[in-house]
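Using the UniProt record's numbering, you'd call the opening residue of the sequence shown number 1 and step up by one each time.
We put the beta carbon where it would ideally sit given N, CA and C, even for glycine.
In this text, all values refer to a predicted model and were calculated from it rather than measured experimentally.
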Amino acid sequence: MLEKIQFINYKCFENATIPLREITIAVGKNNAGKSTMIEGLRLLSLAIKSGSKQSYKDLPSIFQQRNKKSKKLKLDSLKIDLRTVSHFYKEDIISKIIGYFNDKNKIEIYISDDVAYACYYDKSGKNIKSANKFLASSFSRVEILPQIGLIKEEERQLAGSTIVNGRDTYLSSRHFRNEILDEKTKDITVYEEFCQLAEQTWQGLKVKELIAPSRGFTGDSTPPIQLMIEADRFTSEIGYMGSGLQMWLQIIWFICKSAKSETVILDEPDVYMHPDLQRSLVKIVKNRFKQVIIASHSVEILSEVNPENVLMIDKSKQTMKFSSDIISVQNTLENLGSSQNITLLRIANTKKCIFVENSSDLKILNKIYEKYYPENNDSLLTLPFVELKGASNLPQAFGLSKLLASETKGNIQVNCILDRDYFPQAWLDKKLSEAKDAGLNLKFWNKKEIENYLIMPKVLHSISNMKDENKFNECLNKKIDEYFKDKVADLLASKLKDLNRSWDISRLNSEARRIRDESWNTLDAKLAIIGGKEALKMIRDWFQKEFQTSCSIDDIIKNSRREDFDTEILEVIKSLRK
Numbered sequence: 001m002l003e004k005i006q007f008i009n010y011k012c013f014e015n016a017t018i019p020l021r022e023i024t025i026a027v028g029k030n031n032a033g034k035s036t037m038i039e040g041l042r043l044l045s046l047a048i049k050s051g052s053k054q055s056y057k058d059l060p061s062i063f064q065q066r067n068k069k070s071k072k073l074k075l076d077s078l079k080i081d082l083r084t085v086s087h088f089y090k091e092d093i094i095s096k097i098i099g100y101f102n103d104k105n106k107i108e109i110y111i112s113d114d115v116a117y118a119c120y121y122d123k124s125g126k127n128i129k130s131a132n133k134f135l136a137s138s139f140s141r142v143e144i145l146p147q148i149g150l151i152k153e154e155e156r157q158l159a160g161s162t163i164v165n166g167r168d169t170y171l172s173s174r175h176f177r178n179e180i181l182d183e184k185t186k187d188i189t190v191y192e193e194f195c196q197l198a199e200q201t202w203q204g205l206k207v208k209e210l211i212a213p214s215r216g217f218t219g220d221s222t223p224p225i226q227l228m229i230e231a232d233r234f235t236s237e238i239g240y241m242g243s244g245l246q247m248w249l250q251i252i253w254f255i256c257k258s259a260k261s262e263t264v265i266l267d268e269p270d271v272y273m274h275p276d277l278q279r280s281l282v283k284i285v286k287n288r289f290k291q292v293i294i295a296s297h298s299v300e301i302l303s304e305v306n307p308e309n310v311l312m313i314d315k316s317k318q319t320m321k322f323s324s325d326i327i328s329v330q331n332t333l334e335n336l337g338s339s340q341n342i343t344l345l346r347i348a349n350t351k352k353c354i355f356v357e358n359s360s361d362l363k364i365l366n367k368i369y370e371k372y373y374p375e376n377n378d379s380l381l382t383l384p385f386v387e388l389k390g391a392s393n394l395p396q397a398f399g400l401s402k403l404l405a406s407e408t409k410g411n412i413q414v415n416c417i418l419d420r421d422y423f424p425q426a427w428l429d430k431k432l433s434e435a436k437d438a439g440l441n442l443k444f445w446n447k448k449e450i451e452n453y454l455i456m457p458k459v460l461h462s463i464s465n466m467k468d469e470n471k472f473n474e475c476l477n478k479k480i481d482e483y484f485k486d487k488v489a490d491l492l493a494s495k496l497k498d499l500n501r502s503w504d505i506s507r508l509n510s511e512a513r514r515i516r517d518e519s520w521n522t523l524d525a526k527l528a529i530i531g532g533k534e535a536l537k538m539i540r541d542w543f544q545k546e547f548q549t550s551c552s553i554d555d556i557i558k559n560s561r562r563e564d565f566d567t568e569i570l571e572v573i574k575s576l577r578k
């Protein structure tokens, strides 16, 4: 998988590093460097394809590097103009692109005004000098969607070498049927996967038949290859179908033939398709590839990924940075001139809106969701959510719920999940009743806050590596008493004071201790009423000091099993995905 790509004296970049994640959506203003980034990725993809071929040669002396073996890259099919490659025409500085992989493999591409050479380095940093050594280093395959256009109305069968040389180039659209026929001849499973995925993703479509010309014809008398498609019960050859369907089938073909690649790259695929297909495309590639890189300004595509997967490209920066939250993504869109609101778009697409105490709550739920429902290959963080920052702001949720109910005739579901905190049951019941009147699906956690559900003694014991589970639970119970018994009573008294201004201190303390004592009979009961965030911090410090091991939220989820979690939190996760 690609970790980052560095450009040195290459076109608009003087010295810039672009980090890459499992999912990267690259956005940027016009002339910000997106096209240059894609061009660099095309060169890396070509270099990987070239590395397995023979005839490694010394890197030419013009690049001022000694004793380096390299491969000359054939750029004819990529239509990359190298004459203006130097940043501000700085001819005294070598132009270079470096691709770094997460397994420590590396590719350096040296570029002059008319040639490009690739040098390969294995995990130990040694220069690779032969095709066999390259193959032994197991470089990740990187595929990039070629520039696609309309499919020719007629396409005659080509020689195998012509098909191979035109694959993944600007000629791909002109050779579309030939590529499919050639691949079907070699491995019919790729063709079958193409048919299946095309039919699954385009309603009413069927791939009826791929008809190859019969033997015995020569020259212009040879009949063309025919790919027969049925769309909405109308059957025709693909060359006579609409442009949208032609583009979609080419993208689906690219996805299927790239199945063995770790990384796929799509350059502004949104220009070819309807918003529904844009969202569908993101889900398809996320589900099939280890790494997905998309250059796009599409709000539809941005709405399908987590904010931390959105990368702002800016040629004036040395290091590009990912967004941190939905607000920064929205700011990016506005800076690009978009008037669309990504949160409102998500509400329209999902037909729901979720209020949470804090965004960190949804992140915790998403970590659990991604571990136990990996087959869904989506994220709770793409759901439209609003941070409420506490039950005192419930009137905001009531107001929005009423507005959406009246404006959409109840088509938008509004949910709200809040900490129970130390509110009395009578107060919670009152708010639940008010929420029902407002059309809001309100839930208070049965435990104090979401972090309490992560304090699972069985899981904590497994992380600690302490042999005796009973002894571990005794230690945990003792620490809970020491840290939280008095604190819980004080916090209960403070909450009671806020709700009962006429009570004196004696009554407040007496009632607080009574409530605390009712929930202090067992370890599980204590773990439900203490402050979860503070308890996790105490446990982290304890584990670091006594067991010399880390016990973060990620560690707890990693070492857990589905049955370790309270069914309440699993039910909430399930309800969010309905």
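Helix, strand or coil at residue i according to DSSP, with G and I counted as helix
i           : result
residue 376 : helix
residue 100 : strand
residue 317 : coil
residue 558 : helix
residue 150 : coil
residue 367 : helix
residue 88  : helix
residue 344 : helix
residue 134 : helix
residue 127 : strand
residue 322 : strand
residue 206 : strand
residue 3   : strand
residue 286 : helix
residue 52  : coil
residue 553 : helix
residue 546 : helix
residue 276 : helix
residue 330 : helix
residue 63  : helix
Bounding residues of the alpha helix (DSSP H) (the contiguous stretch that carries residue i)
i           : result
residue 121 : Where residue 121 is concerned, there is no enclosing alpha helix (DSSP H), although the beta strand (DSSP E) it sits in stretches over 116 to 121.
residue 391 : Looking at the DSSP string, residue 391 is not in any alpha helix (DSSP H), and its letter there is neither H nor E.
residue 19  : Where residue 19 is concerned, there is no enclosing alpha helix (DSSP H), although the beta strand (DSSP E) it sits in stretches over 13 to 19.
residue 263 : Careful: residue 263 lies outside any alpha helix (DSSP H), inside the beta strand (DSSP E) at 263 to 267.
residue 474 : 469 to 499
residue 568 : 567 to 576
residue 255 : 243 to 257
residue 299 : 299 to 302
residue 526 : 523 to 529
residue 512 : 505 to 518
Bridge partner(s) assigned by DSSP for residue i
i           : result
residue 95  : 111
residue 144 : 265
residue 291 : 263
residue 10  : 13
residue 58  : 69
residue 211 : 226
residue 106 : 100 and 121
Cβ separation of residue i and residue j, assumed to be a contact under 8 Å, to the nearest whole Å
i           : j           : result
residue 40  : residue 97  : 5 Å
residue 282 : residue 301 : 6 Å
residue 117 : residue 71  : 7 Å
residue 246 : residue 150 : 6 Å
residue 532 : residue 451 : 3 Å
residue 586 : residue 17  : Not covered by the structure: residue 586. The range shown for the chain is 1 to 578.
residue 448 : residue 468 : In fact, because the Cβ distance is near 29 Å, the residues do not count as touching under 8 Å.
residue 63  : residue 110 : 4 Å
residue 102 : residue 37  : In fact, because the Cβ distance is near 18 Å, the residues do not count as touching under 8 Å.
residue 368 : residue 539 : At roughly 18 Å, the Cβ-Cβ gap does not stay under 8 Å, so residue 368 and residue 539 are not in contact.
residue 252 : residue 198 : 5 Å
Limits of the beta strand (DSSP E) - the one that residue i falls within
i           : result
residue 236 : 234 to 237
residue 535 : First-last for residue 535: 532 to 542, but that is the alpha helix (DSSP H), not the beta strand (DSSP E).
residue 226 : 226 to 231
residue 356 : 352 to 356
residue 311 : 310 to 312
> Which parts of the region 435 to 463 are runs of the alpha helix (DSSP H), unbroken and 4 residues or longer, counting only runs that do not cross its ends?
Replying inline: none
> Whole beta strand (DSSP E) runs in the region 23 to 49 with 3 or more residues, listed along the chain?
Replying inline: 23 to 27
>> Which runs of the alpha helix (DSSP H) at least 4 residues long sit entirely within the region 391 to 435? Give them in chain order.
In response: 394 to 407
> Fully enclosed by the region 166 to 199, which alpha helix (DSSP H) runs are 4 residues long or longer?
Replying inline: 176 to 186
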